Each structure stands twice: as structure tokens, then as C-alpha cells.
Amino acid sequence: MRRSVSFVLLHLVFLGLAGPWAYSQALTERTGTLRLGDETLTSGEFKDAYSIQARSGEWIEVALTSSEFDPYLILRPPGCSTETCTNQVDNDDFLVGGGAFAWHQVSTGEGGAWEILATSSEPGERGAYEVRYRVVADGGEPATPGVRLEDQSQRGRLELGDKTLTSGEFVDNVGFVGRQGETVEINLTSSDFDPYLILFMPEPHAQIDNDDYEDSTSRAFIRATLPAHGLYRIAVTSYQPGESGGYRLEVAVGAQVDPFVKKR
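Okay, here's the thing in C-alpha cells:
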């Protein structure tokens with residue numbers, strides 16, 4: 020099995036220990052190159068493999084960056100092979116636009132040797148990359164800047180060449196690590212297309228969708244209390260395949276009331 024859910028910084032900088040959180044392993048940094056002659060996934064992408072030891076209950080934090088291809092990251096638990104793996108975790112295009120950064124923080128339900136696969140989004144992609152990983156003993160705050168969700172407002176475009184949902188709609192992704200009990204409000208507006216908003220949860224196949232908030236075909240809105248600590252993904256997309264144009268995405272964290280009501 021290759022990949023399950025595509026998620027999703029154009030530049031990555033690892034800081035030292037953040038706050039009181041302790042790490043059981045130092046940061047490991049490796050450089051490599053995907054090239055002709057490498058082993059491949061069953062779907063054809065070149066791959067390099069790395070191994071990291073973790074105990075049950077710890078967290079593994081991994082980042083994969085490249086300026087030469089669209090990086091795709093896969094983590095496989097102990098005993099997981101290409102033929103039998105049904106519980107691997109995947110990440111691609113962590114932020115809006117994506118294309119240079121894959122990131123994941125996963126809780127180790129079982130101890131042992133976890134396999135990290137550095138690969139690409141499409142078959143045949145090649146080039147140099149950097150992979151960085153560590154074991155987080157506490158499972159608390161990630162050390163990677165930009166990974167925790169913050170209040171933000173940004174503009175973007177859905178357009179030809181973007182990645183798509185399985186149903187064909189163009190999509191931009193915003194990934195973040197959320198904590199249980201946090202409240203998040205997500206507002207998506209567009210005058211060019213009918214915006215559609217999806218919040219993917221850490222639990223596989225769990226998501227919240229919204230379209231035509233308060234009967235408006237130019238706005239989608241989600242308010243949610245996050246059910247668990249883990250990796251979330253905001254998908255900015257459209258109601259129909261092929262729709263394109265500019266949009267504005269606004270995110271408020273910890274809000275108790277809708278701050279966007281007056282911004283129609």
C-alpha cells in the first residue's frame with residue numbers, strides 16, 4: 020500500500036528545545052538524492068529509507084524538504100511492509116501551495132524501529148532533499164516553526180496545475196498540529212468561485228465540511244472544537260470541479276464568537 024491521505028513550509032528551520040518539552044533523541048539531519056536506480060514504491064516513485072527507534076507512547080517528528088521535486092513523506096510502524104502495511108501515515112504539501120515541504124508528527128502506538136520513506140509526489144521525480152527527524156518524549160509542542168496553528172489571514176488562488184481532490188476539484192492545503200479542546204474558526208470567501216471548506220481530523224476518514232454558509236455562495240465557514248491532539252488539515256477547494264480564482268482564508272484560534280460575521 021502506498022499512501023492513504025495526502026495532507027500536507029516552503030522553508031524549514033528547526034529550533035532547539037521549545038519550552039519545557041524534553042526529547043529522547045537529538046535531531047538527526049540527513050541529505051540524500053532520489054535518482055535512477057533507487058528502489059521504488061509499488062506506484063513507481065523513487066524512495067530512500069531511514070530507521071528511527073521509538074518507545075510506545077513517544078512521538079516521532081519528521082520533516083522532508085526539497086527544492087528539486089515535490090517531497091512526499093511516509094512513516095511505517097514496526098513490522099509494516101509494502102505488501103501488508105495498512106496503518107502507515109503519509110504527508111504531502113503541508114501548507115497552501117505546498118510543493119517543497121512534507122511534515123508529520125505521529126504518536127507511536129507501538130515501540131520498535133519505525134521506517135521513514137523519503138519519496139516524491141509523482142513517479143519519476145528526482146533530485147536532492149534533506150530529511151530531519153527526532154523522537155519527542157513528551158508528545159507536546161512541535162519544535163518546527165509554523166506548525167502550530169495561529170491566527171492568520173491570507174490570500175491565494177485555485178488554478179490549473181494545483182493538486183486536486185479525488186473528485187476533481189482544485190485544492191490548497193494548510194496543515195497544522197492542534198491540541199485537544201482548542202477552538203478554531205475558519206472562514207473562506209471568494210468572488211470568483213463557490214468556495215468549499217474541509218477540515219480533516221487526525222482520525223482517518225473523519226472530517227467536517229461546509230459550503231454556502233448562511234446561504235451565501237461566496238462563503239464557507241467552519242467552527243470546531245478540536246477533539247484530539249494531532250495533525251489536522253484545512254482543505255481550501257471549490258464546490259464543482261474545474262472552478263478557479265482568488266480567495267481569502269481567515270483563521271481564528273480560541274475564538275468564542277464568530278469574528279467574521281461583519282466581513283461578508
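Under the working numbering, the letters of the sequence shown match residues 20 to 283, in that order. Just so it is clear, CB atoms sit at the ideal spot from N, CA and C, and this is done for glycine as well. Here the structure is a predicted model, which is why all the values come from computation and not from measurement.
For the pair of segments examined, the region 199-217 was found to touch the region 242-257: the number of CB pairs separated by less than 8 Å reaches three. Proximity of the region 165-181 to the region 125-138 falls short of the contact definition, fewer than three beta-carbon pairs being nearer than 8 Å. Cβ-Cβ separation between tyrosine 69 and isoleucine 135: approximately 4 Å, consistent with a contact (criterion under 8 Å). By the Cβ criterion, the region 180-192 is not in contact with the region 232-244, since fewer than three pairs of Cβ atoms, one from each stretch, lie closer than 8 Å. Annotation for serine 70: the continuous beta strand (DSSP E) segment containing it runs 66-73. Take threonine 50, set aside five residues on each side of it, and the residues of its chain with a beta-carbon closer than 6 Å to its own are Glu149, in chain order.
By the Cβ-count criterion, glutamine 124 is buried, with 16 or more other Cβ atoms from all chains shown falling within 10 Å of its own Cβ.
Rounded to the nearest whole angstrom, the CA to CA distance from valine 81 to glutamine 226 is 24 Å. For threonine 52, the enclosing beta strand (DSSP E) begins and ends at 47-53.
Secondary structure note for phenylalanine 120: its beta strand (DSSP E) is the uninterrupted segment 120-126. Shown here, aspartate 228 sits in a strand according to DSSP, grouped into three states. Nearest in C-alpha terms to threonine 208, of all of Pro221, Ser235, Val193, Gly146, is Ser235.
According to the DSSP assignment, tyrosine 258 belongs to no beta strand (DSSP E), since it is labelled neither H nor E.
A Cβ-Cβ contact shorter than 9 Å links glutamate 64 with tyrosine 91. One alpha carbon belongs to threonine 183, the other to glycine 273, and they sit about 30 Å apart. In this structure, DSSP gives glutamate 269 an extended state, which the three-state scheme calls strand.
As a beta-bridge residue in DSSP terms, serine 139 pairs with Pro90. For aspartate 191, the pairing in a beta bridge is given by DSSP as Val255. In this structure, tyrosine 266 lies away from glycine 194, with their beta-carbon atoms at least 9 Å apart. Where arginine 167 is concerned, there is no enclosing beta strand (DSSP E), because DSSP gives it neither an H nor an E. Contact annotation, proline 246 with glutamine 199: C-beta distance approximately 7 Å; criterion of less than 8 Å satisfied. The C-beta of arginine 153 has 16 or more other C-beta atoms within 10 Å across all chains shown, which makes the residue buried. Apart from the 5 residues on each side of it in sequence, asparagine 106 sits with its Cβ closer than 8 Å to the Cβ of Pro96, Cys99 in its chain, given in chain order.
Here serine 75 is exposed, its C-beta having fewer than 16 other C-beta atoms within 10 Å.
Assignment of beta-bridge partners to serine 172 by DSSP yields Glu269. A residue is called buried once 16 or more other Cβ atoms fall within 10 Å of its Cβ, and leucine 53 is buried on that count.
Residue burial annotation: serine 85 is buried, with at least 16 other C-beta atoms found within 10 angstroms of its C-beta. If you draw a straight line from the Cα of isoleucine 205 to the Cα of glycine 197, it is about 14 Å long.
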